[in-house]
Amino acid sequence: MLPSNKKDGDSFSDTKFDGITMNENKPSEKVLKLLRKNKNMKEWRMHRQELTDEDVKFIAEELKTNKTCESINLSTNNITPEGAAHLAGMLKVNKTLKYLWLASNQIGDRGTEILCTALEYDDNNTSYSVDLSSNQITDQSVDRILKLFGMQNTRVKLFFIDGNQISKENKERLREMAKERNISLGDLF
């Protein structure tokens with residue numbers, strides 16, 4: 001249940017948000033509006049909202065129990081490795097989400113490692129499409145991504161990583177592994 005608008009000075013300390021008690025911090029009004037708007041939709045459009053890692057924390061908590069959302073677009077926000085960690089925690093329990101669009105954020109190599117680890121979690125049989133384009137990812141992440149692609153039962157079927165700082169040699173390694181494992185990649189060159 002989404003919290004109702006509260007008057008100035010009211011506390012969120014006992015507010016239930018679909019089973020989650022918001023007792024540490026309150027979600028921003030922007031996040032509450034986005035969650036109310038998208039709650040029962042299959043595709044959550046939250047791109048270009050200037051969302052922060054703190055905002056993503058509340059969105060990820062909502063997605064842990066949401067059984068409707070199949071796609072979330074969080075592209076062009078202010079998401080860093082901290083926000084990626086919130087999303088990774090959600091990916092381990094959410095059994096509905098199939099599309100995770102995170103292009104044009106600041107997830108970087110650390111956030112990529114965190115997300116790849118979550119995508120390896122084998123308790124969920126969901127196939128994923130992931131967009132990490134333009135996220136300040138470097139050659140440092142390539143071996144981690146290749147490990148994810150090379151898993152026996154990888155759940156990643158589409159993986160966009162263009163617009164990052166990856167060398168031509170490593171782009172070719174990604175392309176070869178993706179082809180071998182039948183994973184579609186975006187335009188790497």
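Under the UniProt record's numbering, think of the first position of the sequence shown as 1, with each following residue one higher.
C-beta atoms are modelled at their ideal positions from N, C-alpha and C, and glycine is treated no differently.
Note that the structure is a prediction, hence the values are computed from the model and not measured.
Notebook entry, point to check: So, is Y128 buried or exposed, given that buried needs 16 or more other C-beta atoms within 10 angstroms?
Noted result: buried
Next item on the list: Report buried or exposed for S167, applying the criterion of at least 16 other Cβ atoms within 10 angstroms of its Cβ.
Entry: exposed
Note to self: If contact is defined by three or more beta carbon pairs under 8 Å, each pair taking one atom from either stretch, is the segment 100-119 in contact with the segment 27-42?
What the structure shows: no
Notebook entry, point to check: Less than 8 Å separating the beta-carbons of N105 and N135?
Noted result: yes
Check: Can you tell me the Cα-Cα spacing of I79 and E180, whole angstroms?
Finding: 31 Å
Note to self: Under DSSP, the alpha helix (DSSP H) around E70 begins and ends at which residues?
What the structure shows: Here E70 belongs to no alpha helix (DSSP H), and DSSP marks it neither H nor E.
Next item on the list: Under the assumption that L174 contacts I145 (Cβ atoms under 8 Å), give the Cβ distance between them as a whole number of angstroms.
Entry: 6 Å
Margin query: So G186 and S133 are supposed to be a Cβ contact under 8 Å. How far apart are they, rounded?
Written below: 6 Å
Item checked: Contacts around P27, its chain only, beta-carbon distance under 6 Å, and the 5 residues preceding and following it disregarded -> F58
Notebook entry, point to check: According to DSSP, is S184 helix, strand or coil?
Noted result: strand
Check: What do you reckon, are the CB atoms on M46 and N25 nearer than 8 Å?
Finding: no
Note to self: Looking at A88: is its Cβ nearer than 8 Å to the Cβ of L115?
What the structure shows: yes
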